[in-house]
Amino acid sequence: MLLEAPLPVGPSIAPSPSPEEAPARTEVQALYDQYVVPLANRGLTLTRGRGRYVWDEQDRKYLDLGGGVAVNSLGHAHPAVRDTLARQADALIHSCNLYYNEWQGRLAQRLVELTGPGKVFFCNSGAEANEGLIKLARKFGHGAGGTGSAGRYEIITTLNSFHGRTMATLTATGQEKIKHGFEPLVPGFVHVPYNDLAAIEAAITPKTVAVQIEGIQGEGGVFVATPEYLLGLRELTRKHNLLLLWDGVQCGYFRTGRWQSYERILEGVPGGEDFLPDAIAMAKSLGAGFPIGAVWIREPYQNVFTPGSHGTTYGGSPLACAVALTVLDVVEREKLADNIRARGDELKRGLQALVGTRGITEVRGYGGLIGLVCEEEPGAIVAKLTQAGLLLVPAANKTVRFLPPLNVTAEEIAEALRIVTETL
337 MLLEAPLPVG PSIAPSPSPE EAPARTEVQA LYDQYVVPLA NRGLTLTRGR GRYVWDEQDR
397 KYLDLGGGVA VNSLGHAHPA VRDTLARQAD ALIHSCNLYY NEWQGRLAQR LVELTGPGKV
457 FFCNSGAEAN EGLIKLARKF GHGAGGTGSA GRYEIITTLN SFHGRTMATL TATGQEKIKH
517 GFEPLVPGFV HVPYNDLAAI EAAITPKTVA VQIEGIQGEG GVFVATPEYL LGLRELTRKH
577 NLLLLWDGVQ CGYFRTGRWQ SYERILEGVP GGEDFLPDAI AMAKSLGAGF PIGAVWIREP
637 YQNVFTPGSH GTTYGGSPLA CAVALTVLDV VEREKLADNI RARGDELKRG LQALVGTRGI
697 TEVRGYGGLI GLVCEEEPGA IVAKLTQAGL LLVPAANKTV RFLPPLNVTA EEIAEALRIV
757 TETL
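Here it is as structure tokens:
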């Protein structure tokens with residue numbers, strides 16, 4: 337175990353000259369201005385993190401409940417992750433997928449035990465995992481593995497969804513702003529309203545091969561699927577021999593207090609215990625900050641992909657899988673699924689008490705995926721709360737996301753509620 341030594345405070349960065357009417361640009365910001373493609377509206381310059389807190393270049397402390405957009409499942413600089421990174425880097429960082437490595441096999445076993453009978457493909461990100469779902473459906477639709485019927489390729493997805501930024505996944509995404517400027521898009525995707533089973537059924541044609549959904553639309557504004565919708569989708573896809581593809585990149589990995597969000601949504605619902613998608617995309621919290629993605633594929637379809645039909649250079653590396661195994665060990669040992677469930681309930685109750693005041697209109701979600709809906713634009717809300725010392729993440733539909741680590745404490749939730757109450 338690495339010692340919990342304090343992290344050094346970074347040197348102050350002198351501001352570079354700028355026009356009087358604009359804030360001074362720091363040296364780091366100037367580097368970005370000159371050398372980094374401007375694909376994000378950035379705010380703070382962060383220098384270090386510990387637990388649920390980060391510090392900027394002026395050594396100001398912030399409570400980070402944005403979690404790297406649902407990535408930092410154990411917060412920052414967790415000692416178990418640091419120890420695994422050091423130990424595994426000294427043993428074997430990378431070996432290509434022409435060879436076996438123990439860590440990939442053991443991680444696949446753990447994911448199958450958590451989900452259900454099947455097999456796992458490893459990649460590096462959520463977009464790649466969703467791309468894997470799409471390719472699986474296409475392969476299935478062309479009769480691969482003795483399943484499906486040749487010639488089917490269309491996938492039904494929902495409006496307001498978000499599945500990634502590759503050409504296929506941005507086409508699958510149900511938000512026009514994501515697609516603008518990248519036409520012509522990949523053919524074979526149909527979008528219908530979320531939580532509308534009749535719309536799904538009406539969209540099915542002889543070309544349809546799958547339905548792809550999120551249990552909770554995180555980027556879209558934290559909209560939650562209803563139990564009736566999920567159970568109806570499972571029945572409908574079986575009736576028409578379609579794959580049910582589950583995007584659990586943001587709403588999965590214990591974020592709702594259960595392994596996958598469908599388990600939380602269907603708790604206590606008759607028939608809910610038997611619900612299981614045909615394939616699940618995972619990433620984000622899986623590596624607690626180290627890049628890793630995975631696709632779990634249900635047993636009847638686990639051999640649709642064959643050698644050479646899909647692949648990856650870095651996916652399933654010894655280092656990535658060793659870290660992901662450590663994260664799972666910590667989550668299970670410290671009962672963090674129960675923790676984020678309890679902390680999420682506290683957060684949701686506290687925020688719901690503010691509805692009707694401070695421009696807050698609604699609160700949605702579960703556990704560590706909570707959406708605060710405001711009259712003001714989410715970017716402005718996030719900026720105000722950042723100035724007050726709380727980091728959150730904006731989403732669509734005037735929603736601000738709380739994405740705390742699974743090990744967030746009751747005291748930190750109370751601190752976040754205090755900041756929201758005093759600032760808005």
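Following my numbering, the numbering of the sequence shown begins with 337 at its first residue and continues without gaps.
The beta carbon of each residue, even a glycine, is placed where N, CA and C say it ideally should be.
* I491 to I540, Cα distance in whole Å? -> 9 Å
Residue span of the alpha helix (DSSP H) that contains V667, given as start and end: 654 to 669
Out of V699, T451, E682, S497, point me to the one whose CA is closest to T509's CA. Of the listed residues, the one whose Cα sits closest to T509 is S497.
Next on the checklist: Could you tell me which whole alpha helix (DSSP H) segments of length 4 or greater appear in the region 384 to 428?
Outcome noted: For the region 384 to 428, whole alpha helix (DSSP H) runs of length 4 or above, ordered along the chain, are 403 to 406, 415 to 425.
Q: Work out the CA separation of A656 and F626 for me, nearest whole Å.
A: When rounded, the distance between both Cα atoms is 7 Å.
Query raised in the report: By DSSP, does F611 sit in helix, in strand, or in coil?
Result: coil
* Check L291 in the structure and name its three-state DSSP category. => With the chain represented from 337 up to 760, any question about residue 291 goes unanswered, as that position is not in the structure.
inquiry  = So, at 7 Å on beta carbons, what are the nonlocal neighbours of A341 in its own chain, with the 5 sequence-adjacent residues on each side left out?
reply    = Confidence at A341 is low in this model, with a pLDDT of 35, below 50, so the placement of that residue should be treated as unreliable; the coordinate-derived value is given next. Cβ contact annotation for A341 (same chain, cutoff 7 Å, sequence separation greater than five): none.
Exercise for the section: Starting from the C-beta of N377, find all residues in its chain whose C-beta is less than 8 Å away, skip the five residues before and the five after it, and write them out in chain order. Expected result: Once the five neighbours on either side are set aside, the close Cβ partners of N377 are G715.
For K455, which residues does DSSP report across the bridge?
I633
Check your understanding: Going by DSSP, which residues form a beta bridge with G676?
Key -> The residue asked about is misnamed: residue 676 is Ile in this sequence, not Gly. For I676, DSSP records no beta bridge to any residue.
Q. Does DSSP put D583 in a helix, in a strand, or in coil?
A. strand
ask   = According to the neighbour-count rule (16 or more other Cβ atoms, all chains shown, within 10 Å of its Cβ), is S645 buried or exposed?
value = Exposed, since its Cβ has fewer than 16 Cβ neighbours within 10 Å.
- Query: Can you round the beta-carbon distance between G584 and I616 to whole angstroms, since I take them to be within the 8 Å contact cut?
  - Reply: About 5 Å; that satisfies the 8 Å criterion.
Entirely enclosed alpha helix (DSSP H) segments - the region 669 to 741, minimum 4 residues = Correct list: 672 to 688, 714 to 723.
**OP:** Assign Q548 to one of three DSSP states: helix, strand, or coil.
**Re:** strand
*asked:* I'd like the list of long-range same chain contacts for R700, defined as Cβ closer than 8 Å, with 5 residues on each side in sequence excluded.
replied: G557, V558, F559, V560, I706, G707, V709, T735
inquiry  = My output table needs one value for E519: the three-state DSSP class, helix, strand or coil.
reply    = coil
Tell whether a beta-carbon distance below 8 Å holds between G454 and Q638.
Yes; because the gap between Cβ atoms is below 8 Å, this pair is in contact.
Those residues which DSSP pairs with T502 across a bridge:
T502 pairs with nothing; no bridge assigned.
In three-state DSSP terms, what is F476?
-> helix
Quiz item: Roughly how many whole angstroms lie between the Cα atoms of E635 and T693?
Solution: 50 Å
- Message: Less than 6 Å between C-beta atoms, sequence neighbours within five positions excluded: which residues of the same chain meet that for L690?
- Response: I696
Next item on the list: Output the boundary residues of the beta strand (DSSP E) element that contains T493.
Entry: 490 to 494
Exercise for review: Below 8 Å on the Cβ atoms is my guess for L421 versus V659; work out the distance and round it to an integer in Å.
Suggested key: 6 Å between Cβ atoms; contact.
inquiry  = On a Cα-Cα basis, can you pick out the residue from E467, T494, H478 that is closest to G487?
reply    = H478
Within the continuous beta strand (DSSP E) that includes V744, where are the two ends? Counting along the chain, V744 falls outside any beta strand (DSSP E), and DSSP gives it neither H nor E.
**Q.** Cβ-based burial, C432 [other Cβ within 10 Å; buried from 16]
**A.** Exposed, because fewer than 16 other Cβ atoms sit within 10 Å of the Cβ of C432.
Original post:
How is L566 classed by DSSP in three states: helix, strand or coil?
Top reply: helix
Boundaries (first-last residue) of the beta strand (DSSP E) holding V528:
525 to 528
Candidates K397, V372, R570, of which the one nearest T383 by Cα: K397
ask   = Can you give the Cα-Cα distance for P740 and P542, rounded to whole angstroms?
value = Computed Cα separation, rounded: 43 Å.
Mind checking H412: buried by the 16 CB within 10 Å criterion, or exposed?
Around the beta carbon of H412, a 10 Å sphere encloses 16 or more other beta carbons of the protein chains shown; the residue is thus reported as buried.
Would V372 be called buried (16 or more neighbouring beta carbons within 10 Å of its own) or exposed?
Flag for V372 reads exposed.
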